[in-house]
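Number of protein chains: 2
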Amino acid sequence: MDKKNALYAQSGGVTAVINASACGLIETARKHKDKIGKVYAGRDGIIGALTEDLIDTSKESASAVAKLRHTPGGAFGSCRYKLKGLEENRAEYERLIEVFKAHNIGYFFYNGGGDSQDTAHKVSQIGDKMGYPVVCVGIPKTVDNDLPITDNCPGFGSVAKYVAVSIKEAALDVRSMAKTSTKVFIMEVMGRHAGWIAAAAGLAAEQEGDAPHIILFPEITFNEKKFLSKVKKSVQQYGYCVIAASEGVRNKEGKFLAEAGTTDAFGHAQLGGLAPMLAQMTKDELGYKYHWAVADYLQRAARHIASKTDVTQAYALGKAAVDLALKGKNAVMPTIVRKSDKPYRWTIGEAPLAKVANVEKMMPRSFITRDGFGITEPCRRYLEPLIRGEEFPPFRHGLPQYVTLKNVAVPKKLTKKFKV
Amino acid sequence: MDKKNALYAQSGGVTAVINASACGLIETARKHKDKIGKVYAGRDGIIGALTEDLIDTSKESASAVAKLRHTPGGAFGSCRYKLKGLEENRAEYERLIEVFKAHNIGYFFYNGGGDSQDTAHKVSQIGDKMGYPVVCVGIPKTVDNDLPITDNCPGFGSVAKYVAVSIKEAALDVRSMAKTSTKVFIMEVMGRHAGWIAAAAGLAAEQEGDAPHIILFPEITFNEKKFLSKVKKSVQQYGYCVIAASEGVRNKEGKFLAEAGTTDAFGHAQLGGLAPMLAQMTKDELGYKYHWAVADYLQRAARHIASKTDVTQAYALGKAAVDLALKGKNAVMPTIVRKSDKPYRWTIGEAPLAKVANVEKMMPRSFITRDGFGITEPCRRYLEPLIRGEEFPPFRHGLPQYVTLKNVAVPKKLTKKFKV
């Protein structure tokens with residue numbers, strides 16, 4: 001194979017470890033300078049690829065690249081921009097190939113979730129047809145852990161750890177105060193469709209009676225009566241009740257609870273999310289004093305409490321993507337394959353992009369307790385290894401030291417502009 | 001002095017390091033068994049003292065006590081229960097003295113904020129008058145950092161670190177996504193009256209352009225027009241805008257902004273706090289996509305990212321309280337005295353409770369930039385040392401290992417019950 005350049009792009013919501021995948025990819029590519037010329041990155045993800053706004057990562061020092069391993073967010077920028085279907089907007093795919101040609105791109109690495117793997121899959125097919133074959137490799141990334149085939153997904157383990165640690169700590173606070181003050185604490189976590197993140201909160205409960213006492217999953221239809229009864233029982237039994245609620249909880253009409261509550265009878269938009277709504281419900285119906293938290297971006301950016309397993313796997317998948325590309329494997333995605341739970345052992349596998357694209361992996365019902373409010377032992381066995389280990393970033397003056405890259409632009413070669 | 005027992009009670013909202021003070025106190029008392037018999041703790045704070053519901057800390061192993069240093073929350077329970085004035089409810093104070101007499105309590109340690117120091121002060125006076133003198137020593141604690149005389153307050157440094165780290169991380173996330181997605185991120189932090197916690201977010205900005213771009217203090221009247229103009233400017237200049245908002249922000253009528261927004265024109269209660277309200281404001285007026293987070297208890301319970309300075313000082317103040325008591329110093333509170341900023345050096349001082357009680361320390365105006373949206377260099381110089389250093393708790397299976405004490409009850413000696 002001729003020496004070609006590589007293009008790497010980050011896609012969709014970023015995570016605490018997506019840059020660790022970038023780190024693994026760039027460091028590995030630099031070891032194969034005979035095969036891979038430069039690694040370019042799309043500025044703001046695929047938008048940079050379409051607009052020929054590329055970043056030359058060869059301008060970054062080895063030390064700066066190494067720091068990507070412990071830097072959250074997306075170092076080159078990401079975007080929420082889904083390429084349309086081939087038939088609907090062939091122009092976008094043709095433009096990508098044009099940009100690839102202009103910059104001698106032989107490898108395309110797309111680091112993202114289900115949609116992105118779908119895009120990578122389409123690109124992998126069209127290159128051939130257009131007479132400019134490109135090796136396309138997807139790299140899994142999503143805090144939601146909802147990609148199929150791979151045992152778990154980089155980004156998830158760190159959110160899981162953040163959520164479990166945070167709810168464990170907040171529960172100690174509530175427990176101290178419950179006698180005269182707050183009795184109900186609700187933490188809203190991410191997960192619109194799959195309850196993996198909410199499930200991770202369950203890891204905080206190491207002994208009978210430990211918080212969280214209630215987990216609300218998107219997979220389980222919300223039942224107000226059952227919920228309130230469980231809250232009351234928990235307060236009676238333990239003195240307090242800690243709840244982890246997935247933002248994706250729905251009512252029996254299939255509507256998001258949080259959305260259902262956003263407009264009042266007069267059509268006025270109401271503020272706030274699911275947590276304040278559930279809190280108000282427990283106050284109105286049971287009279288308990290409450291507190292609530294919405295971690296939002298804090299949870300997926302919390303590199304300071306990242307899971308070492310997660311960081312290690314994110315890096316390994318970035319490296320594996322290059323290894324697969326060098327073998328000429330097109331239209332694949334490296335995956336995590338679990339070999340055993342205890343001790344936890346895993347290896348890298350691969351999946352065809354065709355099978356990954358647009359498939360969402362929900363929590364199996366067997367991972368949720370019969371009453372719908374907790375996690376089962378098999379779920380715990382699955383989740384536990386994923387939050388294992390700490391890999392703290394370096395600190396200076398009390399703050400983690402994260403890298404901001406130079407992100408030097410690659411000179412444009414095309415005269416035609418492309419509007420996204 | 002005869003050998004007397006000691007009573008320790010935690011009061012008000014708990015923190016990530018209040019147990020470190022308890023640890024310092026108990027470990028030091030155990031070294032003075034010639035002078036101090038047992039250390040009892042009030043179960044759920046002063047309520048335990050009033051209802052004679054005492055915990056015998058001598059039943060805890062040295063190892064369990066040592067673990068208090070890294071355990072958040074209040075290990076013996078705390079409460080929001082303010083003793084009334086001496087004239088209004090003398091019975092409460094008389095009851096305390098009765099309990100003290102019954103259990104041979106010679107030392108009373110009250111670990112809390114302004115209200116608690118006021119209570120400790122009253123107890124210190126009444127004991128003498130009632131013919132049962134008790135040495136009363138206050139131990140400072142409040143995440144709000146609003147106690148006078150002491151340079152800073154245990155609990156604050158760790159919240160400050162949590163807030164600065166969290167907003168730094170979330171900002172990297174927003175920055176990655178700003179091209180096509182979220183442009184405004186708002187993090188609501190604690191601080192109803194004093195803006196110290198919000199100010200700490202400012203430490204995250206290490207270079208020009210760094211987040212947070214706007215800090216909203218309770219000390220500065222909210223001006224919607226100026227705020228929106230600053231948000232717009234930040235988005236234009238940096239591509240995004242990160243805001244740290246103190247829950248205590250008020251409008252020009254002196255009303256909490258969050259409360260002002262809780263009822264709509266039709267008198268319907270609205271859900272949510274300040275952050276979603278500000279977010280909606282930026283969306284309505286400027287059209288930016290937003291995200292918001294409310295950390296609530298997570299911030300004051302986050303022992304996993306506690307400041308080492310804070311932990312060290314919390315422990316030192318617990319120890320100092322015993323040292324003062326053994327010297328027979330009544331009605332005092334050990335304080336932190338800053339000797340220099342760079343290098344940061346501090347020592348333990350003492351303040352009379354009479355001067356501490358019920359005084360709130362606000363942010364000086366000179367700590368806030370002229371436009372009211374940021375912190376000045378003197379503020380940064382003051383805050384920086386307080387978040388310095390890490391003292392991570394031990395981890396097992398990916399989770400911090402916090403101790404739950406046995407909390408064995410002391411047999412009751414009084415026949416009379418007391419209703420709180």
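So the sequences go chain by chain: A and B.
For the first sequence, the numbering used here begins at 1 and goes up steadily by one.
For the second sequence, the numbering used here begins at 1 and goes up steadily by one.
Built from N, CA and C at the ideal position, the CB exists for glycine as well.
{"query": "Which residues of the region 41-56 of chain A have a Cβ closer than 7 Å to any Cβ of chain B? Give them in chain order.", "result": "Asp44 and Ile47"}
{"query": "Please decide whether cysteine 79 of chain B counts as near chain A, where near means a Cβ-Cβ distance under 8 Å.", "result": "yes"}
{"query": "Counting pairs of beta carbons, one from the region 363-382 of chain B and one from the region 211-220 of chain B, are three or more of them closer than 8 Å?", "result": "yes"}
{"query": "Is there a C-beta anywhere in chain B that falls below 8 Å from the one on proline 72 of chain A?", "result": "yes"}
{"query": "Could you tell me whether the Cβ atoms of lysine 161 of chain B and isoleucine 18 of chain B are closer together than 8 Å?", "result": "no"}
{"query": "Going by DSSP, what residue range makes up the alpha helix (DSSP H) through threonine 100 of chain A?", "result": "It is worth fixing the name first, because residue 100 of chain A is phenylalanine in this sequence and not threonine. Here the alpha helix (DSSP H) through phenylalanine 100 of chain A covers 90-102."}
{"query": "In this structure, how does DSSP classify lysine 141 of chain A when only helix, strand and coil are distinguished?", "result": "coil"}
{"query": "Might you give, ordered along the chain, the residues of its own chain that have their beta carbon closer than 7 Å to the beta carbon of valine 332 of chain A, omitting 5 neighbours on each side?", "result": "Val137, Leu324, Glu350, Ala351, Pro352 and Leu353"}
{"query": "What does tryptophan 292 of chain B touch in chain A if you count any residue whose Cβ is under 8 Å from its own?", "result": "Val294 and Asp296"}
{"query": "Return yes when the Cβ of threonine 150 of chain B is within less than 8 Å of the Cβ of threonine 312 of chain B, no when it is not.", "result": "no"}
{"query": "I believe leucine 25 of chain A touches lysine 319 of chain A by the beta-carbon criterion, under 8 Å. Please report the beta-carbon distance rounded to the nearest angstrom.", "result": "7 Å"}
{"query": "Below 8 Å on the Cβ atoms is my guess for alanine 170 of chain B versus alanine 301 of chain A; work out the distance and round it to an integer in Å.", "result": "5 Å"}
{"query": "Which complete beta strand (DSSP E) runs does the region 133-220 of chain A hold, if anything under 3 residues is left out?", "result": "135-140, 184-189 and 214-216"}
{"query": "Identify the residues that DSSP records as bridge partners of methionine 333 of chain B: which are they?", "result": "B:Ala351"}
{"query": "Taking 8 Å as the cut-off, decide whether the C-beta atoms of isoleucine 186 of chain B and alanine 295 of chain B are in contact.", "result": "no"}
{"query": "Could you tell me how far apart the beta carbons of aspartate 53 of chain A and alanine 409 of chain A are, in whole angstroms, since I believe they sit closer than 8 Å?", "result": "7 Å"}
{"query": "Proline 394 of chain B touches chain A at which residues, Cβ-Cβ below 7 Å?", "result": "Those within 7 Å of proline 394 of chain B in chain A number zero; the least Cβ separation is about 10 Å."}
{"query": "Counting along the chain, where does the alpha helix (DSSP H) carrying phenylalanine 109 of chain B start and finish?", "result": "From DSSP, phenylalanine 109 of chain B is part of no alpha helix (DSSP H) but of the beta strand (DSSP E) over 105-112."}
{"query": "Which first and last residues belong to the alpha helix (DSSP H) in which glutamine 236 of chain B is found?", "result": "224-238"}
{"query": "For tyrosine 240 of chain A, which residues in chain B fall below 7 Å Cβ to Cβ?", "result": "By Cβ distance, chain B contributes nothing, its closest Cβ being about 11 Å from tyrosine 240 of chain A, past 7 Å."}
{"query": "For a contact meaning CB atoms closer than 7 Å, what does histidine 397 of chain A contact in chain B?", "result": "Glu384 and Arg388"}
{"query": "How big is the Cα-Cα spacing for alanine 293 of chain B and histidine 291 of chain A?", "result": "14 Å"}
{"query": "To the nearest angstrom, how far is it from the Cα of glutamine 117 of chain A to the Cα of aspartate 34 of chain A?", "result": "28 Å"}
{"query": "Beta carbons nearer than 7 Å to chain A: which residues of the region 14-40 of chain B have them?", "result": "Val14"}
{"query": "Report all residues from its chain with a CB closer than 7 Å to the CB of glutamate 384 of chain B; omit the five preceding and five following residues, and keep chain order.", "result": "Leu203"}
{"query": "So which residues on chain A does threonine 180 of chain B lean against when the C-beta distance must stay under 9 Å?", "result": "Asp44, Gly45, Ile47, Ser78, Cys79, Arg80, Tyr81 and Val420"}
{"query": "What is the rounded straight-line gap between the Cα of tryptophan 196 of chain A and the Cα of asparagine 145 of chain A?", "result": "7 Å"}
{"query": "Indicate the three-state DSSP secondary structure (helix, strand or coil) for threonine 263 of chain A in the structure shown.", "result": "With a pLDDT of 47 at threonine 263 of chain A, under the threshold of 50, the predicted position of this residue should be treated as unreliable, and no value is reported."}
{"query": "Between the alpha carbons of lysine 342 of chain A and isoleucine 46 of chain A, how many angstroms are there, rounded?", "result": "40 Å"}
{"query": "From which residue to which residue does the alpha helix (DSSP H) around glutamine 10 of chain A run?", "result": "No alpha helix (DSSP H) holds glutamine 10 of chain A; the beta strand (DSSP E) holding it covers 4-10."}
{"query": "If we define contact as Cβ-Cβ less than 8 Å, is aspartate 173 of chain A a contact residue for chain B?", "result": "yes"}
{"query": "Determine the contact status of leucine 83 of chain B and serine 166 of chain A, defining contact as a CB-CB distance below 8 Å.", "result": "no"}
{"query": "Which residues in chain B have a C-beta closer than 9 Å to the C-beta of leucine 203 of chain A? List them in chain order.", "result": "His397, Gly398 and Leu399"}
{"query": "Per DSSP, which one or two residues make a beta bridge with aspartate 56 of chain A?", "result": "A:Tyr40"}
{"query": "How is the beta strand (DSSP E) around valine 489 of chain A delimited, first residue to last?", "result": "Lying outside 1 to 420, the shown extent of chain A, residue 489 of chain A is not represented and no answer is given."}
{"query": "For cysteine 241 of chain B, which beta-bridge partners are listed by DSSP?", "result": "B:Val184"}
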